[in-house]
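Chains as they are written, first to last, in this note's numbering: chain A, 1 to 133; chain B, 1001 to 1133.
There are 2 protein chains.
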Amino acid sequence: MKANSKFKRSACAVANTLDILGDKWTLLVIRDLFFGKTTYSEFQKSPEKIPTNILADRLKRLESENLITRQSYQQRPVRYTYQLTDKGKALAPVLEAMVIWGNQYIPGTISLNRIKKIINHYEQKKTTDQKPV
Amino acid sequence: MKANSKFKRSACAVANTLDILGDKWTLLVIRDLFFGKTTYSEFQKSPEKIPTNILADRLKRLESENLITRQSYQQRPVRYTYQLTDKGKALAPVLEAMVIWGNQYIPGTISLNRIKKIINHYEQKKTTDQKPV
DNA sequence: AATCATTACTTGCAAATTGCAAGTTAATCC
DNA sequence: GGATTAACTTGCAATTTGCAAGTAATGATT
């Protein structure tokens, strides 16, 4: 375990931000939190199919960086929800900038609203009447 | 080599953007390009001290993704400069959002202007009169 | 002329991280 | 009582990273 080590590569804000969320998965979990997902199993159902050990690791790191909090929402058996802190919510402009850039320069990418619909669609395995996405 | 593979984890703009720049180094190279650095050795001199094999790899990837172009600026011996394309320059809002977030939430990080001064300071090993950063 | 320095890399290899599959624990549903 | 769900953990192979050293081409220095 080396997460939350206070060593800085430099004083640059970009470098330090990348030390927290510079990988392929962290911002996707944060995206899901913005979309209203709160539980471990909900994160797993997203279309990118994050590996379960990576998800567990990222949730721990995000918590240790105070980007999210973990709360149990029931006992017997104990189950948890995750929520963005103010620090986590403040990442909205970063995500927005990425979406705008992706939509403009990567063919085949779609807007956040459409993604949100698709993600919710993935969620609703149990409902009977599904509208096409 | 698997760079530039067209496989998409999902249609989400965030996921696809992260497939291009979701690591600890790529955006630092792009930051340096925004600061006016153009050559391999200049990138190496930045305070984060990117490993040379990683730098070579990232420059290749950035070129294959059309975020930068490579041009030789002299023969005998042949030397190269790298420059941002429009697609690369369009990442400015992503960097800006990261800087704002970092400055607000990570203690000890400094503004882009101050970083730029420090980076230029690192550059000028050869000049005689150095002002304190 | 030989050595030193610079630029732009490549190569080798150990260490760390990732990704896939399977297993675990606890409790509820049918 | 067997299946299912939630929230993880564990094992392990494959990939990626990071450090150090090496290389090629050329110009500058002693």
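Where a beta carbon is used, it is the ideal one built from N, C-alpha and C, also for glycine.
Taking the beta carbon of residue 1023 of chain B as reference, the chain A residues within 9 Å of it are 18, 22, 23, 24, listed in sequence order.
Between residue 85 of chain A and residue 71 of chain A, the C-beta gap is not smaller than 7 Å, which leaves the two residues out of contact. For residue 74 of chain A, the uninterrupted beta strand (DSSP E) segment begins and ends at 68-74.
Chain order gives the chain A residues near residue 1047 of chain B as 9, 10, 11, 12, 15, where near means a beta carbon separation below 9 Å. When DSSP states are grouped into helix, strand and coil, residue 81 of chain A belongs to the strand group. From the listed residues A:40, A:106, A:90, A:27, the smallest Cα separation to residue 53 of chain A is found for A:40.
For residue 1110 of chain B, the nearest CB of chain A lies under 7 Å from its own CB, placing it at the interface with that chain. Here DSSP, grouped into helix, strand and coil, assigns residue 1106 of chain B to coil.
With a contact defined as Cβ atoms closer than 8 Å, residue 10 of chain A and residue 32 of chain A miss out at about 30 Å. Our two residues, residue 1115 of chain B and residue 15 of chain A, have alpha carbons roughly 11 Å apart in a direct line.
Taking the beta carbon of residue 1087 of chain B as reference, the chain A residues within 8 Å of it are 105, listed in sequence order.
When Cβ-Cβ separations below 7 Å define contact, residue 102 of chain A makes contact with chain B. Shortest Cα-Cα distance from residue 1068 of chain B to any of B:1104, B:1038, B:1101 involves B:1038. No Cβ of chain B is located within less than 7 Å of the beta carbon of residue 61 of chain A.
With respect to residue 97 of chain A, residue 1109 of chain B sits apart: the two C-beta atoms are not nearer than 7 Å.
Counting along the chain, the unbroken alpha helix (DSSP H) around residue 54 of chain A starts and ends at 52-64. Going by C-alpha positions, residue 94 of chain A is about 36 Å away from residue 77 of chain A. With distances taken between CA atoms, residue 35 of chain A lies nearest to A:92 out of A:20, A:107, A:92, A:103. The beta carbon of residue 83 of chain A lies closer than 8 Å to those of 33, 38, 68, 69, 71 in the same chain, with the five residues before and after it left out.
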